[in-house]
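*Asks:* Respectively, the protein sequence lines represent chains A, B, C and D.
Take the first sequence: its letter number 138 is residue 138 in our numbering, and every next letter is one higher.
If you count the second sequence from 1, you need to add 1000 to reach our numbering.
If you count the third sequence from 1, you need to add 2000 to reach our numbering.
If you count the fourth sequence from 1, you need to add 3000 to reach our numbering.
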Amino acid sequence: MLTVNDLHAHYGKSHVLNGVRYQLKPGEIGTILGRNGSGRSTLCKSIIGLLPPTSGSVNLGGRELAGRAPHEVSRAGIGYVPEEREIFLNLSVDENMTIGRKKGIPGAPTWTPEELYDLFPRLRERRRVKAGSLSGGEQQMLTMFRTLLGNPLMILIDEPTEGLAPKIVGVVRDTVLEMKRRGIGVLLLEQKLSLALQIADHVAVMGHGEIVFEGSVEEFRANHEVRTRWLEVS
Amino acid sequence: MRTLKSKVLALTALATFSIFSAAIQAAPLKIAGMVPLSGASAATGELYVQAMTYVVNRFNENGGWHGEPIKLEFYDTQESTGVASDRFQQAVAEGMNIIAQGGGSSVAASLSGDVRRWNRRHPDQQVLSFTMGGEAAGLTGENCHFHHFRFATTAAIRVQALMEAMSKTGALGEKVYAINQDYSWGHEMQEAILANADKYDYEVVGKSLHATNKLADFSPYALQSQRSGAQTVVTGNWSRDLLLLLKAIDQSGVDANLATVYLDQPGSIAAAGSAAEGSYIAQVFNAEAAKEKGAAYMEDFKKRIGTYPAGLGNNGVISMMMLTKALSSLPKQDSIDVNRIALALEKAQVDDWPTGTLTMRASDHQLLLPLVVSKVSKDARYKIDNTEYGFKPVQLLSAEQARVPADASCEMQRP
Amino acid sequence: MSRVMSSPVARYAWLAATLLLLVLLPLTDSATLINVATKCLIAGLFAMGFNLLWGQMGLLSFGHAAYLGIGTFATLHMMNAIDEGWGLPAPLLPVLAGALGVVVGALMGWFASRRTGIYFAMITLAVAELTHVIADKWQGFFGGEAGVRSIRTDWWLFGFQDATSVYYYCLVWSVLLVIALWALLRSPFGLLMYALRENEERVRFLGYRTHSIKVVGFAVSAGVSAVAGSLMAFMNESANASMFATLTSAEVVLNTVIGGSAVFLGPALGAAFNTLFGYYIGGLSHFWLLYQGLIFVLVIMYAPGGLGGLFSGATRQAREGRLAHHAPAYAVGALASLLIAVATITVVELVGTVMGSSYRVLRLTSGETWPPVSLWGIDWHPLGIGTFTFVLVLIGAGTVLLRWAMASHRQALDRIGSET
Amino acid sequence: MVMDYFLVSLLNGVIYGLMLFMVSSGLTLIFGMMGVLNFAHASFYMIGAYIGYLCSLHLGFYAGLVIAPLVVGALGVFSERLLLRRVRPQGHTHELLLTFGLFFIFEEVIKVFFGNFAVPYQVPAGLDFAAFSVGSIEYPFYRLFIGVVALVMFVAILAVLQLTRLGIVVRAAVHRSDMVAALGHNVPTVFTALFGGGAALAGLAGAVAGAFFPTSPTMASDLGTLVFVVVVIGGLGSLSGAVVGALLIGVVTSFAVGLNVSLASLAASLGLGDTLTQMGGLFTVSLSSLAGTIPYLLMLLILLLRPSGLLGERS
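1) Using a cut-off of 7 Å between C-beta atoms, extract the partners of Tyr-2279 of chain C located in chain B.
2) With the cut-off set at 8 Å, would you say Asp-1264 of chain B and Ala-1310 of chain B are in Cβ contact?
3) Could you give the distance in angstroms between the alpha-carbon of Gly-2190 of chain C and the alpha-carbon of Phe-145 of chain A?
4) Is Leu-3029 of chain D closer than 8 Å to Ile-2300 of chain C when the C-beta atoms are compared?
5) Could you pull out every residue in the same chain whose Cβ sits closer than 6 Å to the Cβ of Gly-1294 of chain B, ignoring the five residues on either side in sequence?
6) Do you know how far the Cα of Ile-1336 of chain B is from the Cα of Ser-1021 of chain B?
7) Using the beta-carbon count (16 or more within 10 Å), is Leu-153 of chain A buried or exposed?
8) Is there a Cβ of chain D sitting closer than 8 Å to that of Arg-1227 of chain B, yes or no?
9) Taking the CB atoms as reference points, tell me whether Gly-1113 of chain B and Gly-1133 of chain B lie closer together than 8 Å.
10) From which residue to which residue does the alpha helix (DSSP H) around Lys-1291 of chain B run?
11) For Arg-1087 of chain B, is the classification buried or exposed, using 16 other Cβ atoms within 10 angstroms of its Cβ as the cut-off for buried?
12) In whole angstroms, what is the alpha-carbon distance linking Ala-2255 of chain C and Ser-3024 of chain D?
13) If you follow the beta strand (DSSP E) that Ile-211 of chain A is part of, which residue opens it and which one closes it?
14) Is there a Cβ from chain D that is less than 8 Å from the Cβ of Tyr-80 of chain A?
15) The beta strand (DSSP E) with Trp-2156 of chain C in it runs from where to where?
16) Throw me the rounded Cβ distance for the Gly-2063 of chain C and Val-2133 of chain C pair, which I believe falls under 8 Å.
17) Any C-beta of chain C within less than 7 Å: which residues of the stretch 1104-1117 of chain B qualify?
18) State buried or exposed for Tyr-2012 of chain C, treating a residue as buried only when at least 16 other CB atoms are found within 10 Å of its CB.
19) So, does the CB of Gly-3060 of chain D fall closer than 8 Å to a CB anywhere in chain B?
20) Which ranges would you report for the beta strand (DSSP E) in the stretch 2183-2269 of chain C if only whole runs of at least 3 residues count?
21) If we count the other Cβ atoms within 10 Å of its Cβ and call it buried at 16 or more, is Met-3019 of chain D buried or exposed?
22) With distance defined between alpha-carbon atoms, name the residue in A:Met-97, A:Val-203, A:Thr-54 and A:Leu-148 nearest to Arg-128 of chain A.
23) Within its chain, find whatever has a CB closer than 7 Å to the CB of Thr-110 of chain A; leave out the 5 residues flanking it on each side and keep chain order.
24) Within the same chain, show all residues whose beta-carbon is closer than 6 Å to that of Ala-1980 of chain C, passing over the 5 residues directly before and after it, in chain order.
25) Based on Cα-Cα distance, which residue from A:Thr-112, A:Glu-115, A:Ser-46 and A:Val-212 lies nearest to Ser-74 of chain A?
26) Measuring straight from C-alpha to C-alpha, what distance separates Gln-1025 of chain B and Ile-1070 of chain B?
27) Since Leu-1037 of chain B meets chain C, which of its residues come closer than 8 Å, beta carbon to beta carbon?
28) Residues of chain C with CB under 8 Å from Thr-3225 of chain D, in chain order?
29) What's the call for Glu-225 of chain A, buried or exposed, on a 16-neighbour Cβ count within 10 Å?
30) May I ask which residues mark the beginning and end of the alpha helix (DSSP H) holding Ala-3131 of chain D?
31) Is Asn-1314 of chain B helix, strand or coil when you go by DSSP?
32) Can you name the residues of chain C whose CB is closer than 8 Å to the CB of Leu-3303 of chain D?
33) Is the Cβ-Cβ distance between Thr-2346 of chain C and Val-2391 of chain C less than 8 Å?
34) For Lys-180 of chain A, decide whether its Cβ has a neighbour in chain D, counting only Cβ atoms nearer than 8 Å.
35) Give a yes or no on whether the minimum CB-CB distance between Asp-3222 of chain D and chain B is below 8 Å.
36) Using alpha carbons as the reference points, say which of B:Arg-1227, B:Gln-1413 and B:Leu-1371 lies closest to Met-1163 of chain B.
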């Protein structure tokens, strides 16, 4: 189980995370919503070690991970799919997959490249092609597959459907549901409300570096004030 | 900790100083040896230290200058003009009378200029400038002055000697290629090579000037000389540029003789190895050429200093021999007057130098000295750098044969 | 209360004392000392000019020798012109040389500042290489190997024939320019330069043409460097093209880093330190460049703020009355460093001597396999147990003490942290 | 006849370029991955040559080709782990300055042990013969040997980078090291390995080339800025760029030597008369004497026109 407790982080002198608390169980899909600048992506980076938090705790199944190097966090079982689909443009699809491959910790669900390609056969057809020539949707799938090959316990996906065609969004949804089926905890971080509300088990909203709302999808839908104040632009 | 190396070397020198320091007299003559003791040219500096110590010790043991031993101090120029200027200031502050430079032309030029300005400002504490190592023409040309003396050769002298000996022995051929470093020294070499063409009946089939100590690969130059069909390649290169050129020419199988100037720098033969075999050099001294006299000098030097004199170190010996000769001709003085020493130097004649007579030309203060043109060979009597090679003499040129006319641009103002 | 009152006084007291010391220095009547001090002033001014680019704008130039050299040669030619009867007043030479430096610097800066970071550094390096080649080839202006020589001429009531007058000449110019630099850094333009370093985009969004700011900064930096070159010409009265070598550009970087680029007078401090080091240690040991390199690396590793940073840190601690907490750690640290330094020097000097050619001669002539080497008045046997023990004990003790000092320093910091 | 010289010139240039590549390859990979321009990289080349020389005295020339890269590689690992990594938090400039200091120290330490002059490191007798002759020109076998070693090295680096997982990780880290770390790879360790590997390559280059070119303490400073030129021209971080840059510099320098053309003679041949010749100075300097400067001119042009280099990616 992923437990984030009282997490603070700074960019230079600006305080960007202000005591975040959050929990996610295996086999659960959680979502954190928030506008640009709400601290959503920073939370992601702090959890996975790209931006070491100034204080607080990130705990995965009893192991304290706050302040550890990214590769240690990854090896502890937290996978990360970045917002801007940071695939390695100069490498082929297969090579991108190779980089993600690792043993994973005992008991974590395991994946093979072939079964991942089965989820999105188009990528298999293009496995020898340089990743730079892939379409946005293909890149998004490649980023997710790459991370899954590391056999994570939990996966953080930043903006999974940003700018994608509806058809691809469906593939993303199916893949996320497959992760849940296998027992991975999935945390979706989104700006808009598209995919998350269809599949999430619970919803949190971030603003000013804090969690300002937490509850079920129904509670969130009912709470008009949270939506207008923290999410919808206008 | 001060200059450990020279301390080790000057052991003998110190021993003799202490004998005389008991009888303290006023104002001994002080010589400042301005040589590189650290940095890339430190080994050359060491040769001067050995050589000057050798002559000065011998002179002091024989009673010095009217019973007064000469003092010899060394200053590390690091082969940099800036540092040399600092050391000059230090030396005059410590009362030195003669600033004797060993090393490259740029330091020589800078020190000669320092001395000229110093003497203009301090007429009551004038000093002399000796150039033991700088071969740039300007030192006895446009920049000559009364207080400066050169105990080294120039490009014109070296090239003429090489051509004279090589054409006499038939090694020169009719086609000559000049490869030199692209700065004033290399330019002077090239001019000298062009200037001697008619006299020794050869054609300069190619000339290259290359960046100094910058290139790593000389094979293109070897190729150029090959292409030109040259029978002799003449170069004034030194140190690294010489080594690279030697190796490139050797490895490309270029079928030409190589005529050099600075092949006797310490370490050059060792580093070049067989690539140097057969190369010619115009040398200030070669013991084998001087037969018994040469052998006697070599052994005496080794007995006193612990090693044979080598390469440019001989310029140090020559300069100190000329100086001590001049001093001996002067009557006893109460205070040191460098102008009288300078005038005596102009008339000094050294006859016990193994390869021949040494005199000073008064018009430009250029030493007239015999030269030896030699060839790198396994047959040589004295081996170099612990290799199997040495310099086998080809021809000994007397001072008269080796002299070239004084540079017309020298306008010396005499006191 | 008294702390607040004393802080500016303490700050200016240091400056005033230093200045007084500099003004009174010629009283020592030591030609050598005055000569070295003049060199320190010139190197210091050069480093201050260089640091305007780096410390203020974060632009690292590897080619500042070019601007120093331009100032030097321009001045030498002007001095020769004076000697031939032109009516230029000698005290104005640095102004003209500096103006030339500004013009050339603006031109070069216009090219170089089109890029940032490592690319900027590479452009300056390439320009410096090319300048060096031009200086080498253009014998008419740069004089080739023999260089250009000149002589100082007196002007009006001022005589420039002795070292003291040259020293004061350089001192006056250096102090004037340092004050000007200080004023520039505190002017709105100086703040703009600093803002540019922190966040270039934001400055651009504020409506400033960042490229022009950089060009002006580069030009001023080159101008100050050219004035330093001019003073150098005035002092040495000669120069040759070798001053354009990469080494000159490298030295000013070394000086600035050792002195500390973030402290205003840091570069000058570093330049003075290195000049004195080269002059005095260079006369003592053939391996002084190695020691200088080691000091440089140690500064980078353990005192990234340089000597200036250490000094200003210590004075700040003194002002805030905290120096006493740290004093034991500093003292022990200094002692430890001394022990390690002595051990290092011993090793380097012994190895260097034993590997040297004259030692080989000594081995051959003395009949001994490893004759002793004299260092600090002691005869050391290169392979003797005593030598090894001495070195190991010193290094061991030094390391233990150093660790203690660092731990104690950390504790003192923590204690202060918990108090406040 | 002219063709012969053309071919030999070309071969000379190519082989010199390949040698430059041997030294530059590690430099460009290290820069690409961590953004550090390692000033001390050419020092590794020099140290490799000295270790090769020591081995040739006691263990034989070929032992040196194995031992030199190992020792220099270890030195690289040591420098990265104990020194560079400690200043990394202060930014790239500090790393660069640290390597700048190391460059000085390495050169001075070599001088302490081996003195200031070149040491007699020789081509072994077994390799010291003419490979072939073109007309009257003999081509030394050892030059070809240098070229072959460089080619083998290039192929080996390519194979490791293209075919092994480590290679893929390195290539990925050159562009996005943080993402590689987030996928569970220990990037600092990969960097240490790369730094050591790059140093080892430079060490091998030194052991091979030192026997042909003199092995002296100035080897590093002679090549120091030239390898920067190679990687800048090729594109910082691009291995194939380093090959292209190195070959370009090698060939251009090789041919420039043969051209005794100056600005003045060009102007004269264009019918502009002798004015430039009379002006002297820079105008009469021949191109061949500028051979050593051409790389810097090329670099300046590249930096101003296409700063990412010939094959580098635009950033």
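Even for Gly, the Cβ is constructed at its ideal location relative to N, Cα and C.
Being a predicted model, the structure only gives us computed values, none of them experimental.
*Replies:* Short version:
1) Within 7 Å Cβ-Cβ: Asp-1086.
2) The beta carbons of Asp-1264 of chain B and Ala-1310 of chain B sit closer together than 8 Å.
3) Gly-2190 of chain C and Phe-145 of chain A: Cα-Cα distance of roughly 51 Å.
4) Using a Cβ distance threshold of 8 Å, Ile-2300 of chain C and Leu-3029 of chain D do not count as a contacting pair.
5) Cβ within range, chain order: Ala-1287 and Pro-1354.
6) Any reading at Ser-1021 of chain B must be qualified, since the residue scores a pLDDT of 39, below 50, and its modelled position is unreliable; no value is offered.
7) Buried, since its Cβ has 16 or more Cβ neighbours within 10 Å.
8) Cβ-Cβ to chain D under 8 Å: yes for Arg-1227 of chain B.
9) In terms of Cβ geometry, Gly-1113 of chain B and Gly-1133 of chain B do not form a close pair [threshold 8 Å].
10) Annotation: the continuous alpha helix (DSSP H) that includes Lys-1291 of chain B extends over 1291-1305.
11) Residue environment: Arg-1087 of chain B is assigned as buried (16 or more neighbouring CB atoms within 10 Å of its CB, all protein chains considered).
12) Here the sequence assigns Asn to residue 2255 of chain C, which means Ala is not the residue at that position. Looking at the backbone, the Cα of Asn-2255 of chain C and that of Ser-3024 of chain D are separated by about 29 Å.
13) Annotation for Ile-211 of chain A: the continuous beta strand (DSSP E) segment containing it runs 210-215.
14) With respect to chain D, the C-beta atom of Tyr-80 of chain A has a partner C-beta closer than 8 Å.
15) Segment: none, Trp-2156 of chain C is in no beta strand (DSSP E) and carries neither H nor E.
16) That pair is no contact at about 13 Å.
17) Residues passing the 7 Å Cβ filter: Ser-1105, Ser-1106, Ala-1109, Ser-1110, Gly-1113 and Arg-1117.
18) Under this definition Tyr-2012 of chain C is an exposed residue.
19) Chain B contact via Cβ: absent.
20) Note on the stretch 2183-2269 of chain C: there is no whole beta strand (DSSP E) run with a minimum of 3 residues.
21) By the C-beta density criterion, Met-3019 of chain D is buried, having at least 16 other C-beta atoms within 10 angstroms.
22) Nearest in C-alpha terms to Arg-128 of chain A, of all of A:Met-97, A:Val-203, A:Thr-54 and A:Leu-148, is A:Met-97.
23) Once the five neighbours on either side are set aside, the close Cβ partners of Thr-110 of chain A are Gly-104 and Asn-151.
24) This structure cannot speak to residue 1980 of chain C, because chain C is shown only from 2001 to 2420.
25) From the listed residues A:Thr-112, A:Glu-115, A:Ser-46 and A:Val-212, the smallest Cα separation to Ser-74 of chain A is found for A:Ser-46.
26) Note that Gln-1025 of chain B has pLDDT 43, beneath the 50 cutoff, so the model's placement of it is unreliable and the number below is only indicative. As the crow flies, the alpha-carbon of Gln-1025 of chain B is around 11 Å from that of Ile-1070 of chain B.
27) Residues of chain C passing the Cβ test: His-2286.
28) Within 8 Å Cβ-Cβ: Leu-2125, Glu-2129 and Thr-2246.
29) Its Cβ having fewer than 16 others within 10 Å, Glu-225 of chain A is exposed.
30) Unbroken run through Ala-3131 of chain D is the beta strand (DSSP E), 3130-3134; no alpha helix (DSSP H).
31) The three-state reading of DSSP puts Asn-1314 of chain B in helix, counting H, G and I together.
32) At a beta-carbon threshold of 8 Å, the residues of chain C lying near Leu-3303 of chain D are Arg-2115, Tyr-2119, Met-2122, Ile-2123 and Ala-2126, ordered along the chain.
33) Yes, they are a contact pair.
34) No, Lys-180 of chain A does not count as interfacial toward chain D.
35) Closer than 8 Å to some Cβ of chain B, the Cβ of Asp-3222 of chain D qualifies, so yes.
36) Taking Met-1163 of chain B as reference, the option from B:Arg-1227, B:Gln-1413 and B:Leu-1371 with the minimal CA-CA separation is B:Leu-1371.
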